[in-house]
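For the sequence shown, our numbering gives the first residue as 23, with consecutive numbering after it. Scroll down for the structure; my scribbles are underneath it.
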Amino acid sequence: MTALPSPARSGPLGQSPAVRRDGRWWLVATSGSVAITDPVFTGQLNRFATAMAAADQAVAGRPVQQGQPPARPDGRRR
23 MTALPSPARS GPLGQSPAVR RDGRWWLVAT SGSVAITDPV FTGQLNRFAT AMAAADQAVA
83 GRPVQQGQPP ARPDGRRR
């Protein structure tokens, strides 16, 4: 099993309303917050958070190539 992101990395899951605070998942909106207690849903959020943390680490490990335009979302160069 892959470890969850550290509590120091608590925060929103990407651009979703799901937020991890103090080891618990919450759905947050301007009108308020609701704790997520469904174990299947929180398990899926944990897997997404782990995958996003792994992707962030992989991207951080890539060398920066000077003089090249950034890649588009489809992977092609601009």
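C-beta atoms are modelled at their ideal positions from N, C-alpha and C, and glycine is treated no differently.
Exposed or buried, residue i, counting other C-beta atoms within 10 Å across all chains shown (16 or more means buried)?
i, result
"alanine 76", "exposed"
"alanine 71", "buried"
"serine 28", "Its pLDDT being 48, under 50, serine 28 is placed unreliably in this model, and the coordinates cannot settle the point."
Where residue i and residue j are concerned, what is the direct C-alpha to C-alpha distance, given to the nearest angstrom?
i, j, result
"valine 41", "phenylalanine 63", "13 Å"
"alanine 73", "glutamine 37", "15 Å"
"glutamine 79", "glycine 54", "32 Å"
"aspartate 60", "proline 85", "40 Å"
"leucine 67", "glycine 89", "37 Å"
"proline 39", "alanine 82", "25 Å"
"arginine 43", "glycine 65", "15 Å"
Taking Cβ to Cβ, would you say residue i is nearer than 9 Å to residue j?
i, j, result
"proline 34", "valine 50", "yes"
"isoleucine 58", "arginine 46", "yes"
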